[in-house]
Amino acid sequence: MVIYSFGPNTFIEFNTTNPAKADPRGYSLDYEFSNRYVNVLKLMDNQLGITHLRGSECDLLIRSNRETTHYIHSPEYPLMYPANTTCTFIIDGLQGEQNLEEVILTFEKFAVLTETIDSTNLIHSKHSSVDYDNGDNDNNNDNNDNDDNEPCSTSYVGIAFVPASIKSVLSFGEESNYDVTLCDRLQDGSHALGPYISDGPRMVLVFNSNEKISSNGDGKKPLGFKAKIQFKTDFGVPGKPIGDSNQCMFQFTKPRGWFNSPRYPANYPLDTNCTYIIKAKPDEQIQVYFEQFALYVDEHSSSTETSCADFLEIFDVFVKDGIEILQLQARYCANTFPGPTVTAFGSHELRVFFRSDHEGTGNGFKAIYQIRKAFAEEIPTKPVARHCGQRIIRTDDLISGWFVSPGYPIKYNKDLICDWEITVRPNHQVLLNLVKMEIEGSMSTESVNCQNAVIRVNTENDIGTTPTIQEICGTDKTIIQPIISKSNTVRIRFFTSPDKVNGLKGFNFTWTEVKKVKEDNECSYPSMYLCTYTKLCIDARLKCNGDENCGLHDDTDEAH
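Here the sequence shown is numbered in UniProt numbering, starting from 1 and rising by one per residue.
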């Protein structure tokens, strides 16, 4: 064991209160006074958050004080570093229920000279520096993974930023498993200068110098290294960060990827606001489906406001005359597991907002997205691959009808996007009645889980208005009451997961043109029939047609 003093004084205490009976031989030590050891005070440079690890020659601990910046350098920088010296820099970001940081290391200057100078082997690594390409964080790309060739075997700087590598380095075994090993003089602008980003709140850097070095090095200045350390909030989201470092805001443009709540699958922090921006090209659309969704809910409270204290919102983004218009698709709280969705026709950007309040937390969510070629039509004229549905327009001969899921009553397939639009006369409404339903998932009065398949009924479909959307799934149709549109148009969408579905029989809806009346005389013509209880006015031809066309708890059109 070798121990170094921090300064010119060392205190040693020998305690024999309870000596070991089996081996009471005492101890013997050698000591040396010398000024050739590393000047730790100079190495620390009077920076807050940097402390010396007691007993080591030059090992330092660099701790964050929340989003702080520090600088480290080799001993004697910018002069030649001492020979036969090893300094370990342990760099720790904040970690806790409310704080999690990552370490960003960037070299400003680097010249750690090795005996063999080969410009093709200046960096030996398993992992390259981070590259944000098209919005995704790839921190584990292969760069020059040649374990048989060790160009930096004498003097080098080793960096460990992956937990397994950090554990190996700090075990102080004979062989350390660095993620990156650097040596020789790196030119300004070299990608090998970084930045290097930790996979977690810790990074370890080890500086090692050879016994045989020239006091003049390669004749150039500076010698050694100087590096900048930045602690940034680590949200654990794989997209491209945009905005300030402490803002949870990410952008995604790759054809396929995922986004998640901060720190997923660990619990998300309190009082957090996150924005996820997924951008496609003008001829593309964005599809999203969720692997997990578990927000906090206060089980002791029956308040709807409390159950939606943490929530996720999905918006379609439209651009009109250069102005962005955000159209809300849906808002999801703890009691609703989102089903698959896709951007609205004409929207090529999806914006997702996640918010948590100051009370309670959960595992959060993980969602998969993929960018695909957009459909040629908003409502298909005829069914095409993956896009089904129909535009239904009321005529004098078509006053009521039905629509079903693809292949009903045969099993539906995965990766379906269906769009129906039903339009009746102005000043009239559309009444939807669910006749049969076998859609995987479950619904109750307390919760909805339509993870793999969902029917969405939008009774208010204009851009710029708040949509009234009902999500439907499961096998209990009795929980779904008849739906009346707010205007003369209603939109119905049916999505199945592109990953996997069980494939149940599907659904069957009937539709009817109705008119809400205030006075009975508004529905007194012979061609009309006034439903006794709902006071809906329907076409008299619908009496006794075998379908209930009067709405909730009103079968008078079939009874008279």
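Glycine included, every Cβ here is placed at the ideal spot set by N, Cα and C.
The criterion of a C-beta distance shorter than 9 Å is satisfied by ILE484 and LEU431.
Taking the C-beta atoms as reference points, ASP298 is found no nearer than 9 Å to SER356. Contact between the region 283–299 and the region 491–505 is present, with at least three C-beta pairs closer than 8 Å. LEU416 carries a coil assignment under DSSP once its states are collapsed to helix, strand and coil. In this chain, THR86 is not harboured by any alpha helix (DSSP H); it is covered by the beta strand (DSSP E) spanning 86–92. Straight across, the Cα-Cα distance linking LEU100 with SER245 is about 12 Å. The residues TYR332, PHE354, in chain order, have a CB closer than 6 Å to that of LEU312 in the same chain once the five nearest residues on each side in sequence are set aside.
Secondary structure of HIS387 (DSSP, three-state): strand. Looking at the DSSP output, PHE259 bridges to ALA367.
The alpha-carbon of LEU79 is positioned some 13 Å away from that of LEU113.
Spanning the alpha carbons of MET203 and ASN65 requires a straight line of approximately 16 Å. The straight-line gap separating the alpha-carbon atoms of LEU182 and ILE229 is approximately 17 Å. The shortest CA-to-CA distance from ILE242 to any of ILE278, PHE14, GLY55 is the one to ILE278.
Partner residues in the beta bridge of ARG185, as assigned by DSSP, are ALA111.
In the structure shown, the three-state DSSP call for LEU434 is strand.
Shown here for ILE104: same chain residues with a beta carbon closer than 7 Å to its own, the five before and five after excluded, namely PRO195, ILE197, GLN230, LYS232 in chain order. Of the candidates ASN260, SER400, PRO255, SER400 places its Cα closest to the Cα of ASP539. With respect to the 9 Å criterion, TYR264 and GLY364 are classified as neighbours on the basis of their beta carbons.
If you check the CB distance, GLY506 and ILE439 come in under 9 Å. Annotated as proximal: LEU193 and PHE110, with beta-carbon spacing under 9 Å. Proximity of the region 436–452 to the region 374–390 falls short of the contact definition, fewer than three beta-carbon pairs being nearer than 8 Å. Secondary structure at THR459: coil, using DSSP grouped into helix, strand and coil. Taking every protein chain shown into account, the CB of TRP402 has fewer than 16 other CB atoms within 10 angstroms, so this residue is exposed. Contact between LYS366 and ASN521 does not hold, since their C-beta atoms are separated by about 58 Å, which reaches or exceeds 8 Å. Between GLN390 and GLU513, the gap from beta carbon to beta carbon reaches 9 Å or more. DSSP places ALA280 outside both helix and strand once states are collapsed to three, so it counts as coil. Judged by beta-carbon spacing, PHE207 lies beyond the 9 Å limit of THR51, meaning their Cβ atoms are not closer than that value. The region 310–346 is shown to contain whole beta strand (DSSP E) runs of 3 or more residues at 311–320, 323–332, in chain order. Take the alpha-carbon of THR86 and the one of SER209: they are about 7 Å apart.
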